[in-house]
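According to the working numbering, the sequence shown is numbered sequentially starting from 76. Built from N, CA and C at the ideal position, the CB exists for glycine as well. First the structure, in the form of structure tokens, and then the observations on it.
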Amino acid sequence: MTSSSAHTLPGNSIAEDYEGEFGCTLMDLRKLMELRSTDAVTQINAHYGDVQNICERLKTSPVKGLSGNLTDLEKRRLVFGQNVIPPKKPKTFLELVWEALQDVTLIILEIAAIISLVLSFYRPPGGDNEICGQTASSPDEEEEGETGWIEGAAILTSVIIVVLVTAFNDWSKEKQFRGLQSRIELEQKFCIIRNGQLIQLPVAEIVVGDIAQIKYGDLLPADGILIQGNDLKIDESSLTGESDHVKKSLDKDPMLLSGTHVMEGSGRMVVTAVGINSQTGIIFTLLGASEEDEEEKKKKTKTQDGVALEIQPLNSQEGIDSEEKEKKVSKMPKKEKSVLQGKLTRLAVQIGKAGLIMSALTVVILILYFVVENFVIQRRSWLPECTPVYIQYFVKFFIIGVTVLVVAVPEGLPLAVTISLAYSVKKMMKDNNLVRHLDACETMGNATAICSDKTGTLTMNRMTVVQAYIGGTHYRQIPSPDVFPPKVLDLIVNGISINSAYTSKILPPEKEGGLPRQVGNKTECALLGFVTDLKQDYQAVRNEVPEEKLFKVYTFNSVRKSMSTVIRKPEGGFRMFSKGASEIMLRRCNQILDKGGESIQFKNKDRDDMVHNVIEPMASEGLRTICIAYRDFDDTEPIWDNENEVLTELTCIAVVGIEDPVRPEVPNAIAKCKRAGITVRMVTGDNVNTARAIATKCGILTPGDDFLCLEGKEFNRLIRNEKGEVEQEKLDKIWPKLRVLARSSPTDKHTLVKGIIDSTVGDQRQVVAVTGDGTNDGPALKKADVGFAMGIAGTDVAKEASDIILTDDNFTSIVKAVMWGRNVYDSISKFLQFQLTVNVVAVIVAFTGACITQDSPLKAVQMLWVNLIMDTFASLALATEPPTDSLLKRRPYGRNKPLISRTMMKNILGHAVYQLTVVFVLVFAGERMFDIDSGRKAPLHSPPSQHYTIVFNTFVLMQLFNEINSRKIHGEKNVFAGIYHNVIFCSVVLGTFFCQILIVEFGGKPFSCTRLNLEQWLWCLFIGIGELLWGQIISAIPTQSLKFLKEAGHGSAKEEITKDAEGMDEIDLAEMELRRGQILWFRGLNRIQTQIEVINTFQTGASFKGVLKRPTMNQQLDAKLVPSSYSAAATPAKSSPSTSSAVPSPPVGNQSDQSVP
């Protein structure tokens, strides 16, 4: 593992030859990257001199980066490895086949089929059949006896088909998922400087020696050393478990690690380790991406897991309890299990139980009937030579019982869900929704509330300065530059050009006559556009003051709500430029420039006047107001880290109003949401007047509504008690009427989302979707039922925490997601309605038929064919219905709405009545109606009868036409509406019909069928079409009048939810109660044990000394991030490289509501 990059090489010698060309080896760099803070600085200074020397040794320029020469890049990949962490091997098709074979009902069927096969070849020696009761006594008895094996073989064949179909579906699902994973990974790009140009490079193409530009919100793709940084703070909790942000600087701690998040600031780094040699890569390798290690891990998690170990020694009983709890809770699904899956699992279990009871009853009744008939009524005695014959009868009964079970158990349900979700996810890609978690798609259909950002989602995120207040004058249009004295103009241009990220630029339009392209932060681009409108050149200023010359940068963050840059003045002293939200900045100003560019006093009264006369009018037109200010430090240099002292006594240069127009399609989309019963709330950092104006333009607020618009401060005052804790009861009074939350912090967003989800007021519990783009939106995106991240403006951290990525950052795509989600839900309800009708009928027919005629009218192989139609084909046909706009005209189902509504129950029972009546009439009177021989009470190996073939054929045709009825589940009359739009449905129905003709006409003995004439076929068809007419009659009966109908498949009740939550809280409290000393003591023990484990696993000694720190830290990360019960389930070994960690670890008190990354 130490030279793991060499494993992939054509020959180690090549790597070694090249290694000499660079001034440091792979191992040197790896050892260096294992050091932290001052140790690292000392090591760099002692061995390399400084970071510039490391760049020289790696043959790269700190300013221009690598040349981009292909041979050079290839050489670097050979020596230092590629920036990919190899994923876990996918399961092979054969493994999936083996898994499908584990199904209990299939195993029972296989055994029964094999017994049946063996017995059919066994001829009792000289056993006189007459003594043993009825067997085939037709003239061609011998030949029939010889074909007795066909049934067993046919059952085995159909089992094989079912297994192959299941395995193929699993395989394609896995393939799709991997495709999706790789698409998400390919989408991730990073800013790299090559040949002096800043380019966006896919993460996998980064090599050692690259110079990377890092900024707020980035997820670092490789390890590196800082070359230059401004106020850089990194969240390293994904590696160390420490939630405090780590300050990075050249003299204190220049080491940057892959998988960590940039929470503040910007800078440049030289890449020193990639792929499996980076810190994240080392951990993945240690956690054993290889199968054997994972198996060992599973065995070890019980004892080796950090938190479990900390709890156990206190008291042996408690240890046992915690382990029990751990088992229980690790089985308890995390956020992954969606609303629909919960309901389906419950329903499937109930149906399965009912089926098991029915099948057992069938077998018992058949055997009893046979025994009583033969040995009691006919007084036969059990002869040894007759034993095989009797056993054959018993096996036949057993097979009938198992087939009842097979038909009763809806194994098609998971298949339908998978097909429906996979189909939707594929189609949603075209609608600009990149789904990261399959279940998010269907949860979205239940959404009752959407908390949306304003900028970029509801608005176009194309900002332009349209008004300005400079030197006491309010300009409604951009003035010409001649209006201002040169001094003022100079301050405006410098204040904007220098005090903005140098990555924000305005580029010429791609097409002639188009708008200039804005790259980087859109607000900064608007300000740079303002400079251009004043006929000035911002790039010239930046060339004069390059980034290296900036003395200190206070980057923008959600607490400061401003950005400031300090530069040295040529004549000595410092000048600081500042920009930020106008209300906040004006409080820090005590002077303002007048018309002539001179500073005059700016008192509180002046400030109030300005807010009233300038800022509020701008905001009420939906403009975002930004204040630009500056301050000179001529006499003494302040203490730069003391921000409160530095960022005061500013001089206001100008206030500008930035317009971000509402996207033209948004008002219509929000109107659709309102019709669909979904409440849209706007959560924004802008001031309340701007937010209100935009909300009105979008249609979130309409004049005369009794809704609330609150600012973050006011919101917190209303929902918190004296101690500052959030009270759910207070929050429940606010959120139903809240529509706009302005000047909100990320914590407010999280509080609001959590409050709405946890609330139990109202007739149904809320399902909340949230959009976010910033790093600080991570917790809210995680907490929401569905988190949407912005594909264009979103930071890596936000994307990592989200469930769906909006590739076009557009609100209308969210409405599309709602439509697809509802469609998934309806598709599965359609499938259920169809499946349960077949189940009810087939089980009752098999059961009563067996009890009355000692034989099921539908044979085992026929049942398996029906099962195949029901499960695989129907799930394909009904799960791929395209969505229609009518889906958005009803209210959302919500969490506790049952899967099977009363209308569906009416349809299921109604159609079951029709089908049962037809089947029983045919079974008991069919021979007289068609004037054919009866198939009832046929002997053991008798040939197939026309009678039972008609029963089977009619049954299948009724299912086919009922499949068309099942396309509608809300009692609509026209079941053919839009049928041509679904090619899959039409081809499945026609294909099944064609197969049915082949089975009846040519299926012969294996399918227990015999040929039918045209008249018989027409009768079967006629009865089948009767299903459609019967469907019309059923839909005409009002559901309300049928009081006896019950719903089924409920979601989890409120009590269950609180029980689960209580369990989690108990575990949290148990952790809290441990005395600190004991925790430290056990943590020490645990650390030693883990280190011993690692040493034992990799007997490589020296090369691992540095690495040993990592796993224990990682285990503590688990301990911090998750309640004890979860940590067994949540070891990062199981997470894929792309999702190593999504959120900064929460404060300890908040553990139970954080989902585990």
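- With contacts defined as CB atoms closer than 7 Å, Ser579 and Cys600 qualify as a contacting pair.
- When rounded, the separation of the alpha-carbon atoms in Pro821 and Ile267 is 30 Å.
- Residue pairing of Met865 in beta bridges, as defined by DSSP: Leu881.
- The beta-carbon distance between Ser495 and Val1050, rounded to whole angstroms, is 19 Å. This is too long to meet the 8 Å contact definition.
- When the alpha-carbon of Arg151 is set against those of Phe168, Gly98 and Asp114, the nearest one is in Gly98.
- For Pro692, the enclosing alpha helix (DSSP H) starts and ends at Glu691 to Ser695.
- Sequence-distant Cβ neighbours of Lys290 in its own chain, meaning closer than 7 Å and more than five residues away, are Val337, Ser341, Ala576 and Thr578.
- Out of Ile1100, Lys934, Val641 and Glu797, the CA that lies nearest to the CA of Leu1035 is found in Ile1100.
- With contacts defined as CB atoms closer than 7 Å, Arg682 and Leu661 qualify as a contacting pair.
- In this structure, Met102 and Thr347 do not form a Cβ contact; the two beta carbons are roughly 12 Å apart against a cut-off of 8 Å.
- The criterion of a C-beta distance shorter than 7 Å is satisfied by Ile642 and Arg650.
- If you draw a straight line from the Cα of Leu443 to the Cα of Gly1079, it is about 31 Å long.
- Between Ile832 and Val815, the CB-CB gap reaches or exceeds 7 Å.
- Between Val941 and Asp298, the alpha-carbon positions lie close to 58 Å from each other.
- If you draw a straight line from the Cα of Leu153 to the Cα of Leu722, it is about 50 Å long.
- Judged by DSSP in its simplified three-state form, Ala297 adopts coil rather than helix or strand.
- In the DSSP assignment, Lys290 falls within the beta strand (DSSP E) that extends over Ile286 to Lys290.
- Residue environment for Ala1052: exposed (fewer than 16 other C-beta atoms within 10 angstroms of its C-beta).
- Rounded to the nearest whole angstrom, the C-alpha separation of Val689 and Arg792 is 28 Å.
- Closest in C-alpha terms to Leu856, from the list Gly866, Gly849 and Val845, comes Val845.
- Cα atoms of Ile302 and Leu294: separation of roughly 18 Å, rounded to the nearest angstrom.
- In the three-state reduction of the DSSP assignment, Lys747 falls in the helix class.
- If only complete runs of 3 or more residues are kept, the region 327-369 shows the beta strand (DSSP E) at 336-348, in order along the chain.
- Secondary-structure assignment with DSSP links Ser136 through a beta bridge to Gly140.
- The criterion of a C-beta distance shorter than 7 Å is not satisfied by Phe1082 and Val913.
- Within a 10 Å sphere around the beta-carbon of Thr978 sit 16 or more other beta-carbons, which makes this residue buried.
- DSSP places Ala576 outside both helix and strand once states are collapsed to three, so it counts as coil.
- DSSP places Leu806 in the uninterrupted alpha helix (DSSP H) bounded by Gln803 to Ile809.
- In the DSSP annotation of this structure, the continuous segment of the alpha helix (DSSP H) that includes Ser112 starts and ends at Ser112 to His122.
- Val558 and Thr532 have their C-alpha atoms roughly 37 Å apart.
- Between the alpha carbons of Leu602 and Pro742 lies a distance of about 28 Å.
- Rounded to the nearest whole angstrom, the CA to CA distance from Ala615 to Leu325 is 28 Å.
- Taking 8 Å as the upper bound for CB-CB distance, Gln1071 and Phe1005 are not in contact here, some 19 Å apart.
- Cβ contact annotation for Asn507 (same chain, cutoff 7 Å, sequence separation greater than five): Leu881, Thr882, Asp883, Asn885 and Ser888, in chain order.
- Rounded to whole angstroms, Asn719 and Thr335 show a C-alpha spacing of 29 Å.
- Apart from sequence neighbours up to five positions away, the residues of its chain that approach Gly866 with a beta-carbon distance below 6 Å are Ile880, Leu881 and Thr882, ordered along the chain.
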